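Just below is one structure, and these are the notes that go with it.
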Amino acid sequence: MIVAIASFPGTETKKLCKTLAMRLGLKHLSREIVDAKAIAASSESSRQEIAEEESKGNFITDSMIACKQLQKAVKIFLHSARKARAKQVSEREKISMGAALEKIEEEEKALSKAIAAISGTGYFVPEEFDMVLNLDRLDEEATIALVEKFLEKIKK
91 MIVAIASFPG TETKKLCKTL AMRLGLKHLS REIVDAKAIA ASSESSRQEI
141 AEEESKGNFI TDSMIACKQL QKAVKIFLHS ARKARAKQVS EREKISMGAA
191 LEKIEEEEKA LSKAIAAISG TGYFVPEEFD MVLNLDRLDE EATIALVEKF
241 LEKIKK
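Structure representation (structure tokens):
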């Protein structure tokens, strides 16, 4: 099984993916590794490398770009309000809410530009995902439980 989980900048997606990988017995491929391969995919050899990784299966990634490029992946989007994400960033990085909002907006613009260049589509297109989950009322454990249950059902 291949699982690609994406979110808006500022969401703790990597931590959630690592936990899910451990619980589900999947390999975790970090966003940084997957995105670097996808961005380099303008060459034929890079496209083949991505296809090989996809054919091996059994991994989870926290990459929005992977959601756009991995055809066989179960695609999940974790949605959270910008203010909630800014609060997390502010607390995690010990910066002001204003600075956190600016950082998130800059990351959103950069990611939108990269995704448009790679896939020609918008950043968040709900119908491209198998599951869209609003995190604003869920804690980490509830989020993990819902995603696990969904993945159990989709396997069958």
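Residue 91 is where the sequence shown starts when you use the working numbering, and the numbers rise one by one after that.
Glycine included, every Cβ here is placed at the ideal spot set by N, Cα and C.
These numbers come from a predicted model, not from an experiment.
Query	Result
Nearest neighbour of ASP249, chosen from TYR213, MET91, SER97 and VAL93 [CA to CA]	In the structure as shown, the chain starts at 91 and stops at 246, and residue 249 therefore has no counterpart that could be examined.
Length of the line joining the Cα atoms of LYS105 and LYS162	23 Å
Of the residues GLN159, GLU192 and ARG113, the one placed nearest GLU231, counting alpha carbons only	ARG113
Alpha carbon of LEU201 to alpha carbon of TYR213, nearest angstrom	8 Å
Extent of the continuous alpha helix (DSSP H) to which ALA171 belongs	Premise fails: ALA171 is in no alpha helix (DSSP H) and is neither H nor E.
CB of LEU119 within 8 Å of CB of VAL93, strictly	no
Alpha-carbon to alpha-carbon, THR233 and VAL164	16 Å
Helix, strand or coil at ALA111 according to DSSP, with G and I counted as helix	helix
Test item: CB-CB of VAL215 and ILE166 under 8 Å	no
Within the region 198-242, ranges of the beta strand (DSSP E) (whole runs, at least 3 residues)	221-224
DSSP bridge partner residues for ALA96 (one or two, in chain order)	PHE167
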